[in-house]
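Number of protein chains: 6
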Amino acid sequence: MVEDLGQAGDITSRSVIASNAEARVEIVARSAGVLAGAQAAELTFTLVDPDVDVQFRVIDGSGVAEGDVVASVEGSARSILTAERTALNFLGHLSGIATATNDLVQAAEGTVAKICCTRKTTPGLRVLEKAAVRSGGGVNHRLGLDGAIMIKDNHIAVAGGVGPALAAAQASAGPLTSIEIEVDTLDQLDEAVAGGASVILLDNMAPSTLRKAVARVAGRARLEASGNVTIQTVRKIAETGVDFISSGWITHSAPILDFGLDFSG
Amino acid sequence: MVEDLGQAGDITSRSVIASNAEARVEIVARSAGVLAGAQAAELTFTLVDPDVDVQFRVIDGSGVAEGDVVASVEGSARSILTAERTALNFLGHLSGIATATNDLVQAAEGTVAKICCTRKTTPGLRVLEKAAVRSGGGVNHRLGLDGAIMIKDNHIAVAGGVGPALAAAQASAGPLTSIEIEVDTLDQLDEAVAGGASVILLDNMAPSTLRKAVARVAGRARLEASGNVTIQTVRKIAETGVDFISSGWITHSAPILDFGLDFSG
Amino acid sequence: MVEDLGQAGDITSRSVIASNAEARVEIVARSAGVLAGAQAAELTFTLVDPDVDVQFRVIDGSGVAEGDVVASVEGSARSILTAERTALNFLGHLSGIATATNDLVQAAEGTVAKICCTRKTTPGLRVLEKAAVRSGGGVNHRLGLDGAIMIKDNHIAVAGGVGPALAAAQASAGPLTSIEIEVDTLDQLDEAVAGGASVILLDNMAPSTLRKAVARVAGRARLEASGNVTIQTVRKIAETGVDFISSGWITHSAPILDFGLDFSG
Amino acid sequence: MVEDLGQAGDITSRSVIASNAEARVEIVARSAGVLAGAQAAELTFTLVDPDVDVQFRVIDGSGVAEGDVVASVEGSARSILTAERTALNFLGHLSGIATATNDLVQAAEGTVAKICCTRKTTPGLRVLEKAAVRSGGGVNHRLGLDGAIMIKDNHIAVAGGVGPALAAAQASAGPLTSIEIEVDTLDQLDEAVAGGASVILLDNMAPSTLRKAVARVAGRARLEASGNVTIQTVRKIAETGVDFISSGWITHSAPILDFGLDFSG
Amino acid sequence: MVEDLGQAGDITSRSVIASNAEARVEIVARSAGVLAGAQAAELTFTLVDPDVDVQFRVIDGSGVAEGDVVASVEGSARSILTAERTALNFLGHLSGIATATNDLVQAAEGTVAKICCTRKTTPGLRVLEKAAVRSGGGVNHRLGLDGAIMIKDNHIAVAGGVGPALAAAQASAGPLTSIEIEVDTLDQLDEAVAGGASVILLDNMAPSTLRKAVARVAGRARLEASGNVTIQTVRKIAETGVDFISSGWITHSAPILDFGLDFSG
Amino acid sequence: MVEDLGQAGDITSRSVIASNAEARVEIVARSAGVLAGAQAAELTFTLVDPDVDVQFRVIDGSGVAEGDVVASVEGSARSILTAERTALNFLGHLSGIATATNDLVQAAEGTVAKICCTRKTTPGLRVLEKAAVRSGGGVNHRLGLDGAIMIKDNHIAVAGGVGPALAAAQASAGPLTSIEIEVDTLDQLDEAVAGGASVILLDNMAPSTLRKAVARVAGRARLEASGNVTIQTVRKIAETGVDFISSGWITHSAPILDFGLDFSG
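Residue numbers (the working numbering), protein chains in the order written: chain A, 1 to 265; chain B, 1001 to 1265; chain C, 2001 to 2265; chain D, 3001 to 3265; chain E, 4001 to 4265; chain F, 5001 to 5265.
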């Protein structure tokens, strides 16, 4: 909100709207999807003016249809007009993520695969975007670099192979430190299992290869598939038996879900 | 970067990569577009480690083709791997915006219309996203609510009409305060000109109506068209003679431009 | 308030005043002027102790006479004595500015000229000082360097003249970017009008020259006079027909308006 | 500087001045006085651009004559023009305080009295203003409420007299806690000495009364005179033999010392 | 609390405890000592959730026996479990300091000596630790380097002796600036008294030497003893007649006082 | 450092030490232990003055003997004396933790057990204290509440048993979310293994019970022992075959390791 108010605040409302004018408005979905960001939107209004009353009719994670009233807002007209844009920006961006996540979750329904996000998030908004993924029915990958050990191809290259990388990781791990490693081939997969990885990332493998990997590991580690995950491909990937399917697209490129603000009185 | 490092920093690199290992990597465009965010990406690396050397080969606003090396990065392998994700997140997000903006700019080429953004930006990133619009060849609308007076339909409704709203705005305006007002009809347009607005926003008007508006105003105010602006429609809007065409989509829903990081030594 | 409390807080009140002692005091004007800073003063008390009750009897912008009670304050004696000095510092400094501004506004009454401030403000207090100017009946110039384009003599020198400077400014301007330019001569004035400046600053010109400038521009741009503006000269400047008269003195050198705190029970 | 840059920075210099233009300017005193704030002014330039070279020719506390060049500044023209206003605001405000302080110091020369400031400072600038007082040859009173115990009339009233107030203060005092008390009469003065005060504030007493107080205390405590201290009265007060003379005017109402910035190449 | 919540908050309570589960718990002392930190502990709960009700039954400075219930806490089970650890960390650490201080205070009872702390505090917690010393019955030394002038052996060495160091200190001292100096010998003590020190630190002197120092100074300055202060030695030091005894151990190495949290319903 | 400098900085050094005096000092261990906090100590000096040169001769994790010079510091005498206390406070506190940790690590040598810390840290210093544990040869438990799911007795009580608590945890877990649960009995241990816990905390169990637990789990989960861990008991606990032994004492109550600063020139 600070970036929108700047230093001098909303000079339009201050000059054009009487300081005692009251308004009652409704936030309306302009298309169908899954709601997320209700708390951020509500907070935007109450930070501007603690006396504005915001009532959401649906909670994060609910489906909304085009034309649904998701919230009503009542209070000082100046305050409502000042907060409007930022509140809708939060709601649109986060509901866009929840909707995109939910599309994948629906497509994978009935399989064991959970849909999860990555660290490809908009700088500054990761915590909110990760919550939006949960609202869409997904689960979260590590929040940041300090959440767990995740050894990628470049780490393996510098460390001198899957085995040495996993050995180094084990040595420094405390009781709650999970270790994941990315593998490109089934041979690397065997090394990773032997090295005691808790989770193994299968990057850009075809469904047939994923199926082989699942069979080979036989429950000794959890498996995550990534790469080329779209609404078209996700079902096939989910049916291979992997535990997790991760997508960067749901956080970095999902279009917003459009909301508007209608005056009701 | 702080949200990615968390409190404990990159525990993977710390455990798996030797503290004195050096690396040299290249940032490569995975598709074609316009670059933006070079400075934010560079800063991400140097905040993690001031001794990492980052050399961008192209500057913000340059076109890039798929496979182009846009920068080389050299220094501690730990530091580079730690900063990688956040740097690419900035580059991808901001170049996505510059690319979307530039598509509109190209389509309007040869007309007087400038492409500009709105306040529909990602919360927390407005300043960077506005700079990305400039990199794409667009110009910026007001940065925030304190930058100028912009009277929208809801303000007009509460203030009691175009005339009273403009009169109130003029009374409080200092020497450098611009005043813009949104109108829905040509009658309102006449009122807005009479009231001394510097800029008039023509919302959701058909090209034929825009053309009439341009003729009617005859240079007494600058005109901005908004609503239903896409790569398909923008040329027709530009040809009506309006001064500015504004789009929220270029900042709130443009997909990222994909970049990767390749080890070169 | 933080700079006054330091880290350990008010050790005098803590050691000398019983923690449950209550007090009722009045804030009294020690000389006549215009009030500003009521909100900052009230906030100072309530930040120290949210249970202190502060009631201002007059609002910012009101005239006060020597001896007028402007507010009553009731609550914990410790809290009131702790906040007293900072609250009075705000009130005195900001009312001093409002009073100085109002002196100029009164002197220019009946002309079209509005009194406005400059960026010559006390570092850290600009937003409050600009509001105090409004309380005194003045209007605000741009808040900071990002609020508008204002081309001064040094910019013109580096850019190579009035024409090139204005052309460069126009090229980067969005729909709401105002452009002002400073001129020293009537020749430069003609160039500035031709270059499309929205506002022109006439620096240090005699009233007779200002009058010529007003006639020459004939409404094609707004005109601002600055330089040597005092309570003695301001009327003569205002009568030339300029739109704005700006003064740095009202923010950087106005003496405080004195207020005291009297115990009433 | 942040309040001047806003979020988008100096849009004038960015649009009008070439990014590689260099400039060399001099900061010149427009009237005579004592310099203070050189470090704050220099920091303003280098925060905007670490490559700007600022060389002060005189240090804080030096006298300057009208027309003296106090510093030269060299580097990017954009950076210099961006930082100019804030740097001069610091220099003018703080040198104004040093000059006002020094006027009092000069007037009291040859007596034992030291000139000191109060807590009547501009909110947010206390540390810098206290340093400016030192540059002017004065000494500092406590920095804030946590620096020492200072018992004023209102504290005495609430605590039930000079004796009880001092006893309470002594009980909580550590080895380095100074205790000062304000007295209005010579009877209170006796009580204060008996109660073990280290410093006694003699508020608004005539020189003849001050002289009696000095004789009566005979070195058992240090004495500070305040109230009605001006350039006209300060000598008479100093000659009474008090140890300190405090003035709020030097920090809250001293006019700025004017400085300008001349291009030299 | 922020360091414990991290960015994603308490993921255990969020996943395992129903969002509407309520709990009522008691904070119980697991050993005997003096309470401190009640306010910090209460604030920890209410920062996590303003609706948690925290009632302390004893106030800071009270003695507690093993098994005493010091507070009851009621509200959302999630919130209580989230805040528990940080609240107990504050309570244990600060009560440990109050207890250690009080042990010394008790041992010195009946003498004039006050127990005081030093600047050897845990980085970041000084203000709270100094308050805990007061809760234990001690008084505070200066809060930080800006609170008073304290000349140690290294300062004397660099300044060229006790006399020159004190002279320099006096020259810059304002009315409320206390001056303390550390001496190692009785000769230095004489110099310090002659130089006008308000307080003299007698470092690492045997009780017999301290007794001589007290006699020699005869009230002309206050005396502080430090070095080798333990529960065994403190009585002997106090009986020498010194005004203050300072200990670093009470803030930097006191073990925590153990508290636990029992569910009561 | 900020809490020590306060607002006005080191007024002793400023008044007593010449601004151009140089010094060379050595940081010397006053007793034997393991070093930690070198970086924090160095940063303290360079934050005060970037030109102070600090050279540590040993790195964090090294053993030091009484009298060992661990670092030399050279530069402005004022700056060194200003930073001294805070730098030694960091070094003493963190080396105290490393030393206490290392005592336990040495005692457990030759077993599989790793020593780890808890969340019982000093508020505000957790990250540094956790690093000190690593310097002492220990490993880290989760950094905060967002690092992993850790189900304690109170969570189990509220959730309705070990089974339901683990089921709820699994449902929300992403690929890298570790799950630990605390058990009091061997029956609960069986439930925990059946519920798929990755780590099981055995609280306050006798070595004989721990041995049975190790046998019963047979590698299906990692085991952590806590409660009553001292230098006397740790060996017996380690010999039971548990994977981790956690101690709160090493972070919340370890006495400081004493360091002094000797002038060498």
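Just so it is clear, CB atoms sit at the ideal spot from N, CA and C, and this is done for glycine as well.
These numbers come from a predicted model, not from an experiment.
Quiz prompt | Three-way DSSP call (helix, strand, coil) for K4114(E) in this model | solution = strand
Quiz prompt | Three-state secondary structure assigned by DSSP to R134(A) | solution = helix
Practice problem: Starting from I2200(C), trace the beta strand (DSSP E) both ways and give me its first and last residue. | Solution: 2199-2203
Quiz item: Quick one: Cα of A5098(F) to Cα of T3086(D), how far?
Solution: 48 angstroms
Quiz prompt | Whole-number beta carbon distance between G163(A) and G195(A), since they are thought to touch under 8 angstroms | solution = 6 angstroms
Quiz item: Mind pulling the beta strand (DSSP E) runs of 3 or more residues that sit fully within the stretch 5175-5231 of chain F?
Solution: 5179-5183, 5199-5203, 5222-5226
Quiz item: If you draw a straight line from the alpha carbon of D2004(C) to that of S3246(D), how long is it in whole angstroms?
Solution: 18 angstroms
Self-check item: Distance between D1060(B) and E1084(B) (C-alpha atoms, nearest Å)
Solution: 19 angstroms
Quiz item: In the DSSP assignment, what are the bridge partners of S1076(B)?
Solution: E1022(B)
Quiz item: Of all the CB atoms in chain F, is at least one closer than 9 angstroms to the CB of L4005(E)?
Solution: yes
Quiz item: According to the Cβ coordinates, are V2034(C) and L2261(C) closer than 9 angstroms?
Solution: no
Quiz item: Taking just the CA atoms, how far does S1019(B) sit from F1263(B)?
Solution: 18 angstroms
Exercise. Decide yes or no for the touch test of the stretch 3140-3149 of chain D against the stretch 4172-4183 of chain E: beta carbon pairs closer than 8 angstroms, at least 3 of them.
Key: yes
Quiz prompt | Alpha-carbon spacing of V58(A) relative to L94(A), whole angstroms | solution = 15 angstroms
Exercise. Check the DSSP bridge columns for D4053(E) and list the partner residues they point to.
Key: E4074(E)
Practice problem: Taking a Cβ distance cut-off of 7 angstroms, strictly less, list which residues of the stretch 4117-4129 of chain E are near chain C, in chain order. | Solution: V4127
Quiz item: How about L2166(C) and T3082(D): are their beta carbons less than 9 angstroms apart?
Solution: no
Quiz item: Leaving out the 5 sequence neighbours to the left and right, which residues in its chain are closer than 8 angstroms to R4014(E) when beta-carbon positions are compared?
Solution: R4078
Quiz item: By the criterion of Cβ-Cβ separation under 7 angstroms, what are the contact partners of F2259(C) in chain D?
Solution: Ordered by position in chain D, no residue passes the 7 angstroms Cβ test against F2259(C), which lies about 11 angstroms from the chain.
Quiz item: At a cut of 8 angstroms, does the stretch 5176-5186 of chain F reach the stretch 5202-5216 of chain F through at least three beta carbon pairs?
Solution: yes
Quiz item: Between the stretch 5101-5108 of chain F and the stretch 5042-5050 of chain F, are three or more C-beta pairs nearer than 8 angstroms?
Solution: no
Quiz prompt | Positions along the stretch 3169-3185 of chain D whose CB lies within less than 8 angstroms of some CB in chain E | solution = S3172, A3173, G3174, P3175, L3176, T3177, S3178, E3180
Quiz item: Residue range of the alpha helix (DSSP H) that S3015(D) falls in?
Solution: 3011-3016
Self-check item: Given I3115(D) as reference, the closest of T3230(D), M3205(D), A3023(D) once Cα atoms are compared
Solution: T3230(D)
Quiz prompt | Bridge partners - S3246(D), DSSP secondary structure assignment | solution = C3116(D), S3226(D)
Quiz item: Who are the near neighbours of Q55(A) in its chain, counting only those whose CB is closer than 7 angstroms to its CB and skipping five residues on each side?
Solution: A71, S72
Self-check item: Backbone CA spacing between T1121(B) and S2076(C) [nearest angstrom]
Solution: 46 angstroms
Quiz item: In whole angstroms, what separates the C-alpha of L3202(D) from that of D4203(E)?
Solution: 38 angstroms
Quiz item: Among residues of its own chain, excluding the 5 on either side of L223(A), which ones have a beta-carbon nearer than 7 angstroms to its beta-carbon?
Solution: I200, L202, A213, V214, V217, V242, D243
Self-check item: Closest residue to G1227(B) among A1008(B), A1221(B), L1257(B), G1248(B) (Cα-Cα distance)
Solution: G1248(B)
Quiz item: Among S3062(D), I3017(D), A3040(D), which has the Cα closest to the Cα of A3032(D)?
Solution: S3062(D)
Quiz item: Which whole-angstrom value describes the C-beta separation of I4256(E) and G4124(E), a residue pair presumed to lie in contact below a C-beta threshold of 8 angstroms?
Solution: I4256(E) to G4124(E), Cβ: 17 angstroms. No contact.
Quiz item: Who are the Cβ neighbours of A2148(C) in its own chain at under 6 angstroms, not counting the five residues just before and after it?
Solution: R2142, S2178
Quiz item: Within the 9 angstroms Cβ cut-off, does A4008(E) reach chain A?
Solution: yes
Quiz prompt | alpha helix (DSSP H) segment containing D3262(D), residue limits | solution = Segment 3259-3263 is the beta strand (DSSP E) holding D3262(D); no alpha helix (DSSP H) there.
Self-check item: Amino acids of chain A, ordered along the chain, whose beta-carbon sits closer than 7 angstroms to that of E5224(F)
Solution: P175
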